[in-house]
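Q: Residue numbers (numbering that gives the first Met the number 0): 0 to 316. Built from N, CA and C at the ideal position, the CB exists for glycine as well. Please see the structure below; I have some questions.
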Amino acid sequence: MLSIPHEIISSLGISPRQALEWVRESFRIKEEGSVFLPHKTSITFEQGKFMNTMPCIVPGLNAMGVKIVTRYPERSRTIDGEILLYDYRTGRLLALMDAFWVTNARTGAVAALALQTFVNPDFRTISLMGLGNTARAAMACILSLYPEKKFTVRLLTYKTQASRFIEEFQHHGNVHFEEVEDVGRLIDGADAVISCITNAEGILAEESCFKPGVTVIPVHTKGFQNCDLFFDRVFADDRDHVKGFRYFEQFRQFGEISAVLAGKTAGRTSAQERILSYNIGLGLHDIVFARHIYDLLVNAEEREEQPSSFHFRQSMR
0 MLSIPHEIIS SLGISPRQAL EWVRESFRIK EEGSVFLPHK TSITFEQGKF
50 MNTMPCIVPG LNAMGVKIVT RYPERSRTID GEILLYDYRT GRLLALMDAF
100 WVTNARTGAV AALALQTFVN PDFRTISLMG LGNTARAAMA CILSLYPEKK
150 FTVRLLTYKT QASRFIEEFQ HHGNVHFEEV EDVGRLIDGA DAVISCITNA
200 EGILAEESCF KPGVTVIPVH TKGFQNCDLF FDRVFADDRD HVKGFRYFEQ
250 FRQFGEISAV LAGKTAGRTS AQERILSYNI GLGLHDIVFA RHIYDLLVNA
300 EEREEQPSSF HFRQSMR
């Protein structure tokens with residue numbers, strides 16, 4: 000059994016483009032139905048703390064496992080966790096893996112893929128709030144999807160996050176960054192809104208802030224519940240993740256992103272539709288990532304290579 004810490008994973012040089020491909024693979028597996036994927040269980044306790052348990056079995060990759068993720072606001076890693084990876088055929092425990100890199104990379108990649116899937120192709124402005132590791136991973140993946148397209152990224156100011164975020168990505172000449180201090184101004188007129196804040200008290204913006212044609216991607220769902228009632232289409236990575244939402248029965252139209260990617264369900268059908276994409280996070284993503292990371296390390300050992308010979312992109316640490 001391997002013990003795989005964050006430092007080893009971050010040394011592998013896994014690019015945003017590779018992370019996007021693993022996410023696409025995960026959604027293909029889900030749509031094919033060749034996976035055992037019960038919905039996550041979540042225990043909320045005290046103030047702003049939770050523990051999620053996310054099991055998954057992927058026979059085609061000879062992998063099964065579970066991720067435990069916790070949120071403690073006072074920690075340096077507010078959201079953290081571990082993955083147990085098993086051999087599906089034998090039941091043997093293969094690895095205990097730090098989940099910090101995997102969680103941020105796969106979540107950011109899913110947000111970027113949802114943007115590419117649902118945003119109006121002629122988008123000019125993306126608004127970002129919650130500028131931690133997940134947002135940085137999403138930005139890195141968006142830039143790999145749109146390396147030449149010129150667009151503006153609005154950033155919600157919080158402490159020194161925005162300035163550090165700009166410093167990290169300012170070498171990309173196709174992107175112009177703006178700092179905004181008010182959520183209403185952040186959202187008003189934006190073509191896409193990606194929220195990576197991990198908690199919110201109440202509704203973040205009124206209906207009038209969301210222009211026709213906007214795509215909203217709440218990585219963490221709080222703050223956008225009112226959108227359920229007036230957005231034209233709502234998508235999610237898994238139906239079970241959202242069927243318990245208060246307004247689920249009032250969604251105008253609902254679909255899963257995996258079906259859209261497979262061409263079985265329509266995504267955006269007009270430039271005026273307001274689309275909401277709830278990407279709560281699948282244990283499937285975690286186990287697919289964990290299996291590939293494990294294989295990279297084992298193959299490197301068999302070739303007598305050192306993992307430190309790889310270089311990880313700073314923007315996805």
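Tell me whether the segment 190-199 and the segment 126-134 touch, counting them as touching only if at least three CB pairs, one residue from each stretch, are closer than 8 Å.
A: At 8 Å Cβ cutoff, the stretches touch.
Q: Starting from the C-beta of Ala199, find all residues in its chain whose C-beta is less than 6 Å away, skip the five residues before and the five after it, and write them out in chain order.
A: Within the same chain, Ala199 has close Cβ partners Lys221, Gly222.
Q: Identify which residue in His291, Asn298, Ala299, Leu296 has its Cα closest to the Cα of Gln17.
A: Per the Cα distances, His291.
Q: Please name the residue in Leu1, Glu255, Gln224 whose C-alpha comes closest to that of Asp239.
A: The shortest C-alpha separation from Asp239 is found at Glu255.
Q: Roughly how many angstroms separate the alpha carbons of Pro58 and Arg267, rounded to a whole number?
A: Between Pro58 and Arg267, the C-alpha separation is close to 32 Å.
Q: When you compare only the Cα positions, how much space is there between Thr159 and Lys263?
A: Their backbone Cα atoms lie some 43 Å apart in a straight line.
Q: When you compare the segment 157-171 with the segment 132-144, are there three or more beta-carbon pairs, one atom per stretch, that lie closer than 8 Å?
A: Yes, the segment 157-171 is in contact with the segment 132-144.
Q: State the Cα-Cα distance for the pair Glu81 and Thr43, rounded to the nearest angstrom.
A: Whole-angstrom Cα-Cα distance: 18 Å.
Q: Taking DSSP as the reference, what is the three-state secondary structure of Tyr293?
A: Residue state, collapsed to three classes: helix.
Q: Run through the DSSP bridge pairs and tell me what Asn51 is partnered with.
A: Asn51 pairs with Ser41, Val68.
Q: Is Gly131 helix, strand or coil when you go by DSSP?
A: Of the three classes helix, strand and coil, the one that applies to Gly131 here is coil, per DSSP.
Q: The beta strand (DSSP E) that contains Glu255, what's its start and end?
A: Per DSSP, Glu255 belongs to the beta strand (DSSP E) from 253-255.
Q: Tell me the rounded alpha-carbon separation between Ser20 and Leu295.
A: The residue you asked about is not Ser; residue 20 is Glu in the sequence shown. C-alpha separation (whole angstroms): 15 Å.
Q: Could you check where the alpha helix (DSSP H) with His240 kicks off and where it finishes?
A: From DSSP, the alpha helix (DSSP H) with His240 extends over 238-241.
Q: Does any residue of chain B bring its CB to less than 7 Å from the CB of Val22?
A: The displayed structure is made up of one protein chain only, and chain B is not part of it.
Q: Go through its chain and collect everything with a Cβ distance to Glu147's Cβ below 8 Å, but skip five positions before and after it.
A: Taken in chain order, the residues that qualify are Asn173.
Q: Take Asp187 and list the residues in its own chain whose beta-carbon comes closer than 6 Å to its own, dropping the five residues that flank it on each side.
A: Within the same chain, Asp187 has close Cβ partners Cys208.
Q: Have a look at Met53, Ser269, Val182, Val259 and flag the residue whose alpha-carbon is nearest the alpha-carbon of Arg23.
A: Selected option, being the one with the closest Cα: Val259.
Q: With Ile196 and His219 assumed to form a contact (beta carbons below 8 Å), what rounded beta-carbon distance in angstroms separates them?
A: Confirmed, Cβ separation roughly 6 Å.
Q: Mapping the DSSP letters down to three states, classify Ala270 as helix, strand or coil.
A: Coil.
Q: DSSP beta-bridge partners for Phe176?
A: The partner list for Phe176 (beta bridge, DSSP) reads Val152.
Q: Just grab the DSSP bridge partners of Tyr277 for me.
A: Ala235, per the DSSP bridge assignment.
Q: Given this structure, state the Cα-to-Cα distance separating Ala94 from Val297, to the nearest angstrom.
A: The straight-line gap from Cα to Cα measures roughly 11 Å.
Q: Taking the beta carbon of Ala104 as the centre, do at least 16 other beta carbons fall within 10 Å, making it buried, or is it exposed?
A: The residue in question, Ala104, is buried, as its Cβ has 16 or more Cβ neighbours within 10 Å.
Q: Kindly examine the ligand SAM and report whether one of its heavy atoms sits closer than 6 Å to the Cβ of Glu147.
A: Absent from the structure shown: the ligand SAM. Ligands present: none.
Q: Check Thr124 in the structure and name its three-state DSSP category.
A: It is a strand residue.
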